[in-house]
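A.B. asks: Heads up, the sequence shown is in the numbering used here, so the first residue is 3 and it goes up one at a time.
Glycine included, C-beta positions come from ideal geometry on N, C-alpha and C.
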Amino acid sequence: MNSCAVPDERSSLLDRTRAVDYAARVCETLACMRSATHVADVAALFEQAVSRLGADAGMFTSFLRPDATLASYRTLLVCDPSLGSQRAAHGWFEDDPWLLHAKHSSDPVRASELKTADQRQCEWVEAAAQHGFRSAVIVPAPSPAGPARVGVLYLGSATPAYFEGEGYGVLKMLAWPLAMELHAWWHEAIKREMMSRSRLTESDLVLLRHEEQGHSSKVIAQTLQTQPTAIDCRFQRISAKLAAPNRRAAVRVAKLYGLI
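(1) So, Glu265 versus Val253, is the Cβ gap smaller than 7 Å?
(2) Which residues in the same chain as Leu261 place their Cβ atom closer than 6 Å to its Cβ, once the five residues preceding and following it in sequence are excluded?
(3) Where does the unbroken beta strand (DSSP E) through Gly169 begin, and where does it stop?
(4) Helix, strand or coil: how does DSSP classify Asp10 here?
(5) Pull up the DSSP beta-bridge partners for Ser74, would you.
(6) Assuming the contact rule is C-beta atoms closer than 8 Å, Leu116 and Trp94 should be a hit. Round their C-beta distance to whole Å, please.
(7) Drop a sphere of 10 angstroms on the beta-carbon of Met175, count the other beta-carbons inside from all chains shown, and report buried for 16 or more, exposed for fewer.
(8) Give me the Cβ distance between Val172 and Leu155, rounded to the nearest whole Å; I'm assuming they're in contact under 8 Å.
(9) Taking its Cβ as the centre, do 16 or more other Cβ atoms sit within 10 Å of Pro144, making it buried, or is it exposed?
(10) Any contact of the stretch 156-163 with the stretch 22-31, i.e. 3+ C-beta pairs under 8 Å?
(11) Which two residues bound the contiguous beta strand (DSSP E) that contains Leu155?
(12) Am I right that Tyr259 and Leu15 are in contact with their C-beta atoms under 8 Å? What's the rounded C-beta distance?
(13) Going by alpha carbons, who is nearest to Gln123 out of Phe237, Val139, His103, Ala33?
(14) What residue from Ser137, Gly167, His189 has the CA that sits closest to Val152's CA?
(15) How about Lys243 and Leu202: are their beta carbons less than 7 Å apart?
(16) Tell whether a beta-carbon distance below 7 Å holds between Gly134 and Ala181.
(17) Please classify Pro142: does DSSP put it in a helix, a strand, or coil?
(18) Below 8 Å on the Cβ atoms is my guess for Ala45 versus Leu78; work out the distance and round it to an integer in Å.
(19) Assign Leu85 to one of three DSSP states: helix, strand, or coil.
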């Protein structure tokens, strides 16, 4: 999004979370998120959720690492978009202490509770502070694929120590399902993109499921009433579709993207 979500009035987090319709309004937005069909739709809902939670800014990052050399990041911004541009230009993805926390923990945490280890990490924190994250909450969205596929939500305030006082506990309980809904939405979107790009068929997925269960070409061939050499050839084509060096690697990629 091109602008920060600006609350209607400057009040404390406690004041906001004590509003009688606080949770209901946030949940109303969450209920619409899974059915969003386009990135623009989910981005608009994200902006609404950030505002209703009482934050000034938000960022959600979906992280995928199919192997040790390749990583993919998808980001939604509810703040000045130049923060995203700076993040990409400086390569802060690998040095962002907030993202590093999400890769190793599923616990929400305030940015003030995380220590910066080096100058690169300090540069990211300072840049974020200049774009509405002077006070911030980091909410990981883990997945069964482990640290190779995670999502992380950042909620920010331009007011220093905004998230330090009372009201944080209520916000945290509602921020976690927001992070999970955004992660689920991106996961389905990425899955559709991979299926379209790779042109995998349902029969390809059947073979990958057999391989995941440790079945040999001979066993698979007997099940499908064909020859082992035919199964080997089909796996070669599947591996090529997924840009994987072999069938075991193809299974890892398919699981990471949620195809099987």
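C.D. replies: From the atom records:
(1) The structure shown does not extend to residue 265, since the chain is modelled only from 3 to 262, so the question has no answer here.
(2) Numbered from its first residue, the sequence shown carries residue 261 at position 259. Excluding sequence neighbours, Leu261 sits near nothing in its chain.
(3) Looking up residue 169 in the sequence shown gives position 167. Where Gly169 is concerned, there is no enclosing beta strand (DSSP E), given that its DSSP letter is neither H nor E.
(4) Your numbering for residue 10 matches position 8 in the sequence shown. Reliability of the predicted coordinates at Asp10 is poor, the pLDDT of 45 falling under 50, and no value is obtained from them.
(5) Counting from one through the sequence shown, the residue named residue 74 turns up at place 72. The beta-bridge partner set that DSSP reports for Ser74 consists of Leu66.
(6) The residue given as residue 116 occupies position 114 in the sequence shown. The residue given as residue 94 occupies position 92 in the sequence shown. With a contact defined as Cβ atoms closer than 8 Å, Leu116 and Trp94 miss out at about 15 Å.
(7) In the sequence shown, the residue the question calls residue 175 occupies position 173. Flag for Met175 reads exposed.
(8) Against the sequence shown, residue 172 aligns to sequence position 170. Against the sequence shown, residue 155 aligns to sequence position 153. The Cβ separation is near 16 Å, so there is no contact.
(9) The residue you call residue 144 lines up with position 142 of the sequence shown. Result: buried.
(10) no
(11) On the sequence shown, residue 155 is found 153 positions in, with the first residue counted as 1. Note, Leu155: beta strand (DSSP E), 151-159.
(12) Position 257 of the sequence shown, counted from the first residue, corresponds to residue 259. Position 13 of the sequence shown, counted from the first residue, corresponds to residue 15. Not really, about 37 Å apart at Cβ, beyond 8 Å.
(13) Taking the sequence shown and counting its residues from 1, one reaches residue 123 at position 121. For the residues Phe237, Val139, His103, Ala33, the minimum Cα distance to Gln123 belongs to His103.
(14) Taking the first residue of the sequence shown as 1, we reach residue 152 at position 150. Comparing Cα-Cα distances from Val152 to each of Ser137, Gly167, His189, the minimum goes to His189.
(15) One-based indexing of the sequence shown puts residue 243 at position 241. One-based indexing of the sequence shown puts residue 202 at position 200. In this structure, Leu202 lies closer than 7 Å to Lys243 by Cβ.
(16) Locating residue 134 in the sequence shown gives position 132, where the first residue counts as 1. Locating residue 181 in the sequence shown gives position 179, where the first residue counts as 1. Going by C-beta atoms, Gly134 is not nearer than 7 Å to Ala181.
(17) Within the sequence shown, residue 142 is the residue found at index 140, counting from 1. Pro142 falls in the strand class under three-state DSSP.
(18) Along the sequence shown, read from residue 1 onward, the residue named residue 45 stands at position 43. Along the sequence shown, read from residue 1 onward, the residue named residue 78 stands at position 76. Going by Cβ atoms, the distance from Ala45 to Leu78 rounds to 5 Å, so yes, they are a contact pair.
(19) By 1-based counting over the sequence shown, the position of residue 85 is 83. DSSP places Leu85 in helix when its eight states are reduced to three.
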